[in-house]
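If you're matching positions, the sequence shown starts at 1 in the UniProt record's numbering and goes up one per residue.
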Amino acid sequence: MTHPRRMIVGISGASGVVYGKRILELLRDLEIETHLIMSRAACITLAAEATFSRQDLEALATTTHSNKDIGAVCSSGSYKTLGMIVAPCSVKTLAEIATGTTDNLISRAADVVLKERRRLVLMLRETPLHLGHIRNMAHVTEMGGIIYPPVPAFYAKPQSIEDMVDHTVGRVLDLFDLDPGIVRRWRGTQGVE
Numbered sequence: 001m002t003h004p005r006r007m008i009v010g011i012s013g014a015s016g017v018v019y020g021k022r023i024l025e026l027l028r029d030l031e032i033e034t035h036l037i038m039s040r041a042a043c044i045t046l047a048a049e050a051t052f053s054r055q056d057l058e059a060l061a062t063t064t065h066s067n068k069d070i071g072a073v074c075s076s077g078s079y080k081t082l083g084m085i086v087a088p089c090s091v092k093t094l095a096e097i098a099t100g101t102t103d104n105l106i107s108r109a110a111d112v113v114l115k116e117r118r119r120l121v122l123m124l125r126e127t128p129l130h131l132g133h134i135r136n137m138a139h140v141t142e143m144g145g146i147i148y149p150p151v152p153a154f155y156a157k158p159q160s161i162e163d164m165v166d167h168t169v170g171r172v173l174d175l176f177d178l179d180p181g182i183v184r185r186w187r188g189t190q191g192v193e
């Protein structure tokens with residue numbers, strides 16, 4: 001049986017919309033069909049921190065859905081996908097997913113991915129964390145989701161922000177057995193004292 005080469009990508013209102021953009025670019029290069037959902041807060045953050053537009057993001061996706069469209073194809077478990085990445089994931093979106101509040105398409109699609117036992121990765125972007133955030137992360141983890149804060153790996157010796165973003169999103173795609181060839185793999189500590 002062949003699995004669909006289809007991924008849901010949510011972008012919520014946390015800082016770091018560049019992660020979502022880069023994931024869309026890499027999935028396009030890997031010929032993965034993408035379903036983009038952006039929250040209203042994501043559009044506000046995008047305007048504040050990016051040099052690209054919402055239209056630029058939408059052009060990278062195969063299909064774009066309104067976050068209000070809870071009847072979109074990706075809101076049903078019968079619509080097969082590899083899973084879903086929320087990049088970045090706000091604590092509001094985390095809380096909605098953790099509590100099963102599915103009144104928008106991002107949280108509904110994430111809920112469906114969890115109930116179908118598909119891979120859900122939340123690139124949670126918030127710091128510092130209070131106990132409510134930590135409990136919500138634990139709850140999503142207990143339901144089968146993966147919390148993946150975009151924390152840079154310095155062993156990769158990044159030379160730019162782009163290097164840090166690439167390494168991070170490359171590791172996220174590793175969780176779906178997708179390898180765009182951009183991760184500098186750990187080679188051990190031989191010769192290091």
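Backbone N, C-alpha and C fix where the C-beta goes; we use that ideal spot for every residue, glycine too.
Separation of Glu-116 and Gln-190 (C-alpha to C-alpha, rounded to the nearest whole angstrom) is 43 Å.
Distance from the Cα of Ile-11 is smallest, within the candidate group Trp-186, Ser-107, Glu-33 and Asp-103, for Ser-107.
Going by beta carbons, Met-137 and Thr-168 fall outside the 9 Å limit.
Linking Met-143 to Leu-114 through their CA atoms gives a straight-line distance of about 7 Å. Under the three-state reduction of DSSP output, Thr-102 falls in the coil class, being neither helix nor strand. In this structure, the beta-carbon distance from Ile-70 to Thr-102 falls below 9 Å. Sequence-distant partners of Thr-63 (beyond 5 residues in either direction) whose C-beta falls short of 6 Å from its own C-beta, in its chain, are His-35. Taking C-beta separations shorter than 6 Å and ignoring five residues to either side along the sequence, the partners of Glu-96 in its chain run Ser-107, following chain order.
Residue pairing from DSSP places Val-121 in a beta bridge opposite Ile-85 and Ile-146. For Leu-36, the uninterrupted beta strand (DSSP E) run begins and ends at 33 to 38, by DSSP.
DSSP places His-167 within a helical segment (H, G or I) once states are collapsed to three.
One thing to note: Leu-105 has its Cβ within 9 Å of the Cβ of Ala-72.
Separation of the CB atoms of Asp-179 and Leu-173 is rounded to 7 Å, and the pair is thereby assigned contact status at 8 Å. A straight line joining the alpha-carbon of Gly-16 with that of Ala-87 spans about 8 Å.
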